[in-house]
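Participant: Supplied in structure tokens, the structure appears directly below.
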Amino acid sequence: MMRKIERENTGLLKPGQDLVVAGYAGLAGSVLLVKEKDQYERLRGWFSEKWLDQAGEMEISPEQDKIDWSEVGATDWESAGEGGILSAIWCLSGAYGTGVEFALRKIPVRQDTIEICERLELNPYRLYSHGCWLLSSKNGGRTVENLREKGIPAQVIGSVTKGIAREMIVENGHGFLERPQPDELEKIFPGYFKQEAPTSLSRGSSLGMSSDWKANDQKESMADQEHKKGFRKER
41 MMRKIERENT GLLKPGQDLV VAGYAGLAGS VLLVKEKDQY ERLRGWFSEK WLDQAGEMEI
101 SPEQDKIDWS EVGATDWESA GEGGILSAIW CLSGAYGTGV EFALRKIPVR QDTIEICERL
161 ELNPYRLYSH GCWLLSSKNG GRTVENLREK GIPAQVIGSV TKGIAREMIV ENGHGFLERP
221 QPDELEKIFP GYFKQEAPTS LSRGSSLGMS SDWKANDQKE SMADQEHKKG FRKER
């Protein structure tokens with residue numbers, strides 16, 4: 041049985057609509073990992089300093105922090121912050137009590153994020169993804185075009201389905217999405233998301249979430265709450 045999410049929906053997401061991912065899954069998490077001094081030194085065992093410096097300089101498009109997703113054709117949306125894109129898929133489908141079918145390999149992930157996650161044995165799809173959003177759309181192809189015109193990478197990854205199954209297409213066949221797990225950053229930095237006073241993050245510093253990113257995450261949360269008129273809470 042599907043676990044219900046106590047979060048009001050807009051009533052606009054329907055079976056047959058497309059699922060679109062805007063932004064890169066796991067990018068924010070991989071940038072944080074590279075910028076933390078101990079992990080930077082650890083990764084130097086596999087990658088050059090030039091490669092790591094470039095991976096750590098990736099930034100979220102400013103447009104992604106202020107866009108009105110309905111203007112690009114989205115009927116509903118979910119931020120993929122803590123817990124990553126798979127958590128967003130779970131929460132959006134749970135808010136409507138509907139099913140989804142999506143292809144894991146269609147979710148946009150940068151190659152440097154994949155390589156960092158492989159070395160650190162992390163799942164990029166469950167990694168902190170500030171700036172990445174899951175959208176539902178009546179015309180996913182058009183929504184993707186609208187997003188790309190704004191400089192935001194996007195991809196149709198699947199669709200909303202009847203029933204309650206969260207079906208995931210993987211390389212070797214089909215599987216079902218499991219309930220959200222703790223963010224992969226917690227494997228490296230236990231208690232990371234419980235920090236009350238995070239500091240600015242740079243390679244010379246100890247771990248802390250960038251104050252700008254923390255503020256943007258709070259804005260995303262507030263925007264979602266205003267949009268949904270309710271909080272997300274499982275029971």
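Residue numbers for the sequence shown follow our numbering, so the first one is 41 and each next one is one higher. Ideal Cβ positions, reconstructed from N, Cα and C, are used throughout, including at glycine. For clarity, every value in this text was computed on a predicted model and none was experimentally measured.
(1) Which whole-angstrom value describes the C-beta separation of D223 and G124, a residue pair presumed to lie in contact below a C-beta threshold of 8 angstroms?
(2) Where does F229 fall in DSSP's three states?
(3) Quick one: is V210 buried, meaning 16 or more other Cβ sit within 10 Å of its Cβ, or exposed?
(4) So, helix, strand or coil for S70, using DSSP?
(5) Given a cut-off of 7 angstroms, decide if G113 and R182 are closer than it, judged by their beta-carbon atoms.
(6) On a CA-only basis, which of E207, E76, W86 is nearest R159? Give me that one, please.
(7) Would you kindly report the start and end of the unbroken alpha helix (DSSP H) that includes S127?
(8) Can you tell me which of I156, L174, A143 puts its alpha carbon nearest to the alpha carbon of H214?
(9) Going residue by residue through the segment 177 to 221, where are the continuous beta strand (DSSP E) segments of at least 3 residues, counting only ones entirely within it?
(10) For C157, collect the residues of the same chain with a Cβ closer than 8 angstroms to its Cβ; drop the 5 residues on either side in sequence, then sort them by chain order.
(11) Just to confirm the assignment, what range does the beta strand (DSSP E) spanning A120 have?
(12) Considering only DSSP beta bridges, list what D62 is partnered with.
(13) In this structure, how does DSSP classify Y152 when only helix, strand and coil are distinguished?
(14) Anyone know if the C-beta pair for L174 and A135 falls short of 7 angstroms?
(15) Quick check: the Cα distance between G171 and R84, rounded to an integer number of angstroms?
(16) Of the choices D108, Q151, K146, whose alpha-carbon is the least far from that of A95?
(17) Report buried or exposed for D116, applying the criterion of at least 16 other Cβ atoms within 10 angstroms of its Cβ.
(18) Among R206, G231, A62, which one has its Cα closest to the Cα of R219?
(19) For the beta strand (DSSP E) containing E141, list its first residue and its last residue.
(20) Is it true that the CB of I197 sits closer than 7 angstroms to the CB of K146?
(21) Which residue or residues does DSSP assign as beta-bridge partners of D116?
(22) What do you get for S176, buried or exposed, if any count of 16 or more other CB atoms within 10 angstroms of its CB means buried?
(23) Helix, strand or coil for Q57? Go by DSSP, reduced to three states.
(24) Starting from the C-beta of L126, find all residues in its chain whose C-beta is less than 6 angstroms away, skip the five residues before and the five after it, and write them out in chain order.
Facilitator: In this structure, then:
(1) 7 angstroms
(2) coil
(3) exposed
(4) helix
(5) yes
(6) W86
(7) 124 to 136
(8) A143
(9) 194 to 201, 206 to 210, 213 to 216
(10) G66, S70, N163, P164, L167, E224
(11) No beta strand (DSSP E) contains A120, which DSSP labels as neither H nor E.
(12) A small fix is needed here, since residue 62 is Ala in this sequence, not Asp. Its beta-bridge partners are W173, A194.
(13) First, the amino acid is wrong: residue 152 is Asp here, not Tyr. DSSP places D152 in helix when its eight states are reduced to three.
(14) no
(15) 27 angstroms
(16) Q151
(17) buried
(18) R206
(19) 139 to 143
(20) yes
(21) S176
(22) buried
(23) coil
(24) Y165, R166
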